[in-house]
Amino acid sequence: MLINLLKSSLAVIFFIGVTAIQIPASTALDPTFTTVVENKPTTYLPMYSHAIQSDGKIIVGGLFGVISGKVRQNFARLNADGTTDESFQVGTGVDEQVMTIAVQSDGKILIGGFFTTYNGVHRPYLARLNANGSLDTSFNAILDNVVYRIAVQSDGNILVGGEFNNVNGTAVNRLVRLNTDGSLDNSFSVTNTDVSHPVRSIVIQTDGKIMIGGQNITLGSNKPLLRLNSDGTTDSTFNNGVENSASIYEVVIQPDGKYLIGGTFGSYNGTSIVGICRLNSDGTLDMSFSSGLSDFDSINKIALQTDGQIIIVGSFLTYNSSAARNIARLNSNGTIDKSFNTGNGLGIINSTTTGSLTVSNDGTVLVTGNFEDYDNLTHWGIVKINSSGSSDETFSPRLGRVGLLTDIVVQPDGRIIVAGNFSYINGVANEKVARLLPNGAIDTAFNSGTGVNGSVSAI
Numbered sequence: 004m005l006i007n008l009l010k011s012s013l014a015v016i017f018f019i020g021v022t023a024i025q026i027p028a029s030t031a032l033d034p035t036f037t038t039v040v041e042n043k044p045t046t047y048l049p050m051y052s053h054a055i056q057s058d059g060k061i062i063v064g065g066l067f068g069v070i071s072g073k074v075r076q077n078f079a080r081l082n083a084d085g086t087t088d089e090s091f092q093v094g095t096g097v098d099e100q101v102m103t104i105a106v107q108s109d110g111k112i113l114i115g116g117f118f119t120t121y122n123g124v125h126r127p128y129l130a131r132l133n134a135n136g137s138l139d140t141s142f143n144a145i146l147d148n149v150v151y152r153i154a155v156q157s158d159g160n161i162l163v164g165g166e167f168n169n170v171n172g173t174a175v176n177r178l179v180r181l182n183t184d185g186s187l188d189n190s191f192s193v194t195n196t197d198v199s200h201p202v203r204s205i206v207i208q209t210d211g212k213i214m215i216g217g218q219n220i221t222l223g224s225n226k227p228l229l230r231l232n233s234d235g236t237t238d239s240t241f242n243n244g245v246e247n248s249a250s251i252y253e254v255v256i257q258p259d260g261k262y263l264i265g266g267t268f269g270s271y272n273g274t275s276i277v278g279i280c281r282l283n284s285d286g287t288l289d290m291s292f293s294s295g296l297s298d299f300d301s302i303n304k305i306a307l308q309t310d311g312q313i314i315i316v317g318s319f320l321t322y323n324s325s326a327a328r329n330i331a332r333l334n335s336n337g338t339i340d341k342s343f344n345t346g347n348g349l350g351i352i353n354s355t356t357t358g359s360l361t362v363s364n365d366g367t368v369l370v371t372g373n374f375e376d377y378d379n380l381t382h383w384g385i386v387k388i389n390s391s392g393s394s395d396e397t398f399s400p401r402l403g404r405v406g407l408l409t410d411i412v413v414q415p416d417g418r419i420i421v422a423g424n425f426s427y428i429n430g431v432a433n434e435k436v437a438r439l440l441p442n443g444a445i446d447t448a449f450n451s452g453t454g455v456n457g458s459v460s461a462i
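Residues 4 to 462 (the working numbering) are what the sequence shown spells out, left to right.
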């Protein structure tokens, strides 16, 4: 029956893995016929955030339509080898990009970003999911604007930062703490501050104090870095020396209690230092750490290795006068580790929105963000890097966009020739024309070679 329907349709769009055609109300689609038509990206497909679960699976969010040949709208979970985890069912996904992901100790997942729906349910800018990817309907937090960072406290309460001004009908100012059910924690009061610009970084100390950094944040000290007490009041013992015009995109706490901060700045407390510096626990500059960046360079992601070395991602071409395109590994004193050979480095398109950076215990580095290549090899939005600096080419999830079919012809034997604007069908490379078996699977006997170099309108 589906073949007959296809015969009568001259324009078919494959969207979210389902054939969208006009059919009579009394006619049922064949659920066994599922074909994903995928197009190569013509512009960047960023992956803004990731989180690695304890079982090695990787939750990813960004702005994409297909990943590893499976339709996933801006949000997915990958197996450790980079294939799409089909047991993690997100339905129709999210309608806009995901900017931050946090996994709770109970396995539930918090996501924040620009989206307003999850699997068709209204969840503006913040949502919590069950471990299997379904929406946790017990968590209700209604925000009025984008979320950039989520941090979960040891007691389960949740710190949220971004550009919002209202949560659950209460006026707030870009930084809040929520109870486990999503209600506003009224015991958390950010006093004597005016957070008038986006909060980009939140990190919780073991003593409960909170470090936040932001994009030109105007705080009570008129600086884009602040340490709060556990109740949200400003910690006046922190000697903040960040220049007023700076943006702080990342704050990392070392095991010894010192802070690494990265962003866009040229000095700290009057001392010239560009893009990255290390602070003592009281906020004074640690003079044993030096930056190898040049004027106008910046850092937006920092991750610590277990041996104390530091991975940085940002916007720079050299570090300590050595070639280092947007990614490098530093020794604990801030000098570059030349044994980490990244080749031609990371092709960042917009460094301020590069997503997440994590280092595994085996020394491998996972980077997600707004880039298109690593060491001249195509890596849209995600790359896994070996401890030596080379890319792990066995881990290469392919991001794509949902493709378009413009014409279909059904042969007498039931096989289906399709044409349009696409590059893959069910993950198999087919440029603009292909043939399917009656069940929707790709017909490998139909070899179009390199295919057509432009969109096909008719067969």
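Just so you know, even glycine gets a beta-carbon here, dropped at the ideal spot from N, CA and C.
query                                                                                                                            : result
Beta-ladder partner(s) of A306, from DSSP                                                                                        : I314
Nearest-angstrom beta carbon gap, A79 and A154 [assumed within contact, 8 angstroms]                                             : About 23 angstroms; that fails the 8 angstroms criterion.
Length of the line joining the Cα atoms of T86 and A437                                                                          : 24 angstroms
Within the segment 351 to 399, ranges of the alpha helix (DSSP H) (whole runs, at least 4 residues)                              : none
Collapsed DSSP secondary structure at F276 in the structure displayed                                                            : Sequence check: residue 276 is Ile here, not Phe. Looking at I276 - three-state DSSP - the assignment turns out to be coil, as it is neither helix nor strand.
Supposed close pair R177, P201 - CB separation, criterion 8 angstroms                                                            : 7 angstroms
Pairwise C-alpha distance: G64 and G103                                                                                          : Per the sequence presented here, residue 103 reads as Thr, with Gly not at that position. Looking at the two C-alpha atoms, the distance is approximately 8 angstroms.
The beta strand (DSSP E) enclosing T267, as first and last residue numbers                                                       : 262 to 267
Contact under 8 angstroms by Cβ, F67 with L408                                                                                   : no
Cut-off 7 angstroms between Cβ atoms - residues of its own chain near L440, not counting five sequence neighbours on either side : R418, D446
Chain D within 8 angstroms of I351, Cβ atoms only                                                                                : Protein chains in the displayed structure number just one, and chain D is not present.
Closest residue to E396 among K341, N379, Q100, V412 (Cα-Cα distance)                                                            : N379
DSSP bridge partner residues for A134 (one or two, in chain order)                                                               : According to DSSP, A134 bridges with nothing at all.
Sequence-distant residues of the same chain with beta carbon closer than 7 angstroms to L288, five excluded per side             : G244, Y271, N272, T274, C280, L282
Option nearest Q56 by Cα separation, candidates S393, W383, A134                                                                 : A134
Proximal residues to D410 (C-beta, below 6 angstroms), its chain only, five neighbours per side dropped                          : A422, A461, I462
Bridge-paired residues (DSSP) for A422                                                                                           : D410, V436
Rounded distance between the beta-carbons of L138 and I114, thought under 8 angstroms                                            : With a Cβ gap of about 10 angstroms, I114 and L138 do not count as contacting.
Residues of its chain near I339, where Cβ-Cβ distance is below 8 angstroms and the 5 sequence neighbours each way are ignored    : G295, Y322, N323, S325, A327, A331, R332, L333
Integer-rounded CB distance, given that G265 should sit under 8 angstroms from G286                                              : About 16 angstroms separates the two Cβ atoms, so there is no contact after all.
8 angstroms Cβ cutoff met for A144 and L181                                                                                      : yes
I16 versus Y427 - alpha carbon distance                                                                                          : Bear in mind that a pLDDT of 35 at I16, under 50, signals an unreliable position, so the model cannot answer this.
Euclidean distance between Cα positions of V459 and I420                                                                         : 12 angstroms
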